[in-house]
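What follows is a single structure, written as structure tokens, with notes after it.
In this note's numbering, the protein residues as written are 585 to 932.
Structural data, given as structure tokens:
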């Protein structure tokens, strides 16, 4: 039984634009984090997965803690489209999707529900090249608590877009997308126990007001870029993941406040880690990023050196509409106590 209790208020506006090494989403949050008005919201959502799924003959089954709505299977009255089940669900409901291949994309989730696949290996949602498969958003300044578990999510520009608070993405296979998971203008999200592979970007943060997100116990492999943290994401915790065999970079960090990279297996990538530190931010917060006790593969070094850049803007800037100019200097970070053996993290 999973119980989620929280509160927040949020809205967003987004526009996608890819630039160079890191993706870039233009737009701005309509409500800044410092201006968020806390509302009294005490919501308890309980999601229970049956040990053995059965084909129920009704599209919804009433329980004391909300309804279960079913997609697929052979039961009469079950939904054939995931979006239809979501549209007919209410806060606190569970949408259960039977094993099968669903060529469905552009699935919007704007209410507090649980989305459960019968088996992550056989419950496949194919986006067929569409913009996204799942998009999690707030509506009317209402904070959501969404859980997505037990799917293979593949073949879209973005597998999952998260633009809301307090969501959990766990136990999925996310593969063959441009962006596996995108987190923007969002807080208190947990990405846990997924297999994220064969995407251009595995997990990416973007936009301002993205804070206190946790990436834990995932296998992130065979992507171009494993994890990219950018656009002033704050308090991002990357812990106990296996980040291996990514063709460009395992972890890229650019534009962040307090990123913690701890107790991960990071090896076998073309470049295991890279960062860019802003000079002014470094003066105010010397420990913008913490590398601690990661396993970097076999190395003779007692301390692990992470190479990156220091970005500094000169005093004189050209007048608008010219973009600000900056200079990059070589810079170093350290993992002072790297692990000597890989962690037994396991997989989803």
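Cβ coordinates follow ideal geometry from the N, Cα and C atoms, glycine included.
A quick note: this is a predicted structure, and the numbers were derived from the prediction, not measured.
In this structure, how does DSSP classify residue 670 when only helix, strand and coil are distinguished?
As a position in the chain shown, residue 670 is number 86, starting the count at 1. Residue 670 falls in the helix class under three-state DSSP.
How many angstroms separate the CA atom of residue 845 from the CA atom of residue 718?
Reading the chain shown from its first residue, position 261 is the one you call residue 845. Reading the chain shown from its first residue, position 134 is the one you call residue 718. Looking at the two C-alpha atoms, the distance is approximately 27 Å.
Expressed to the nearest angstrom, what Euclidean distance is found between the alpha-carbon atoms of residue 750 and residue 675?
Position 166 of the chain shown holds residue 750. Position 91 of the chain shown holds residue 675. Spanning the two alpha carbons is a distance of roughly 14 Å.
Give the DSSP bridge partners of residue 875, in chain order.
In the chain shown, counting from the first residue as 1, residue 875 sits at position 291. According to DSSP, residue 875 bridges with 845, 919.
Assuming contact is defined by CB atoms lying nearer than 7 Å, are residue 758 and residue 743 in contact in what I supplied?
Counting from 1 along the chain shown, the entry for residue 758 is found at position 174. Counting from 1 along the chain shown, the entry for residue 743 is found at position 159. Against a cut-off of 7 Å, the Cβ pair of residue 743 and residue 758 comes out as a contact.
Apply the 10 Å Cβ neighbour rule to residue 914 and answer buried if 16 or more other Cβ atoms are within range, or exposed otherwise.
Numbered from its first residue, the chain shown carries residue 914 at position 330. Residue 914 is exposed by the Cβ-count criterion.
Can you name the residues that DSSP bridges to residue 958?
Missing from the structure shown is residue 958; the chain here goes from 585 to 932 and no further.
Does residue 729 pass the burial test, meaning 16 or more other C-beta atoms within 10 Å, or should it be called exposed?
Taking the chain shown and counting its residues from 1, one reaches residue 729 at position 145. When all chains shown are included, residue 729 counts as buried.
Of the residues 705, 686, 696, 739, which one's Cα is nearest the Cα of residue 670?
The residue you call residue 670 lines up with position 86 of the chain shown. Ranking the options by Cα distance to residue 670, first place goes to 696.
How about residue 722 and residue 755: do their beta carbons lie closer than 7 Å?
Here residue 722 corresponds to residue number 138 of the chain shown, with the count starting at 1. Here residue 755 corresponds to residue number 171 of the chain shown, with the count starting at 1. Cβ distance not < 7 Å, so residue 722 and residue 755 don't count as in contact.
Would you please state the rounded distance, in angstroms, between the beta carbons of residue 857 and residue 834? I believe it to be under 8 Å.
Within the chain shown, residue 857 is the residue found at index 273, counting from 1. Within the chain shown, residue 834 is the residue found at index 250, counting from 1. So it is a contact: roughly 6 Å between Cβ atoms.
Under 6 Å Cβ to Cβ from residue 602, same chain only, skipping five residues before and after it: list those, please.
Stepping through the chain shown from its first residue, residue 602 is reached at position 18. Low confidence applies to residue 602: its pLDDT is 34, below 50, so where it sits in the model is not reliable, and the reading given next is rough at best. Hits under 6 Å: none found.
Please state if the CB of residue 791 and the CB of residue 819 are separated by a distance shorter than 7 Å.
Taking the first residue of the chain shown as position 1, residue 819 is located at position 235. Taking the first residue of the chain shown as position 1, residue 791 is located at position 207. The answer is no: Cβ separation not under 7 Å.
Which same chain residues, not among the five before or five after residue 921, have their C-beta less than 6 Å away from its C-beta?
For the purposes of this step, residue 921 is taken as the residue at position 337 of the chain shown. 877.
Can residue 812 and residue 788 be called in contact, C-beta distance under 7 Å?
In the chain shown, residue 812 corresponds to position 228, counting from 1. In the chain shown, residue 788 corresponds to position 204, counting from 1. Their beta carbons are under 7 Å apart, which means residue 812 touches residue 788 by this criterion.
Judging by CA-CA distance, which residue of 807, 690, 681, 692 is the nearest neighbour of residue 705?
On the chain shown, position 121 is the one that residue 705 refers to. Nearest C-alpha to residue 705: 681.
Helix, strand or coil, according to DSSP, for residue 623 in the structure here?
If you number the chain shown from 1, residue 623 lands on position 39. The predicted model places residue 623 with a pLDDT of 30, which falls under 50 and marks its position as unreliable; any figure quoted below should be read in that light. Looking at residue 623 - three-state DSSP - the assignment turns out to be coil, as it is neither helix nor strand.
Ends of the beta strand (DSSP E) at residue 762?
Counting from one through the chain shown, the residue named residue 762 turns up at place 178. No beta strand (DSSP E) contains residue 762, which DSSP labels as neither H nor E.
Counting C-beta neighbours from all protein chains within 10 Å, is the total for residue 916 16 or more, i.e. buried, or is it exposed?
As a first step, residue 916 is located in the chain shown; it is residue number 332 there, counting from the start. Flag for residue 916 reads exposed.
Can you tell me where the beta strand (DSSP E) holding residue 816 begins and where it ends?
The residue labelled residue 816 in the question sits at position 232 within the chain shown. Note, residue 816: beta strand (DSSP E), 809 to 823.
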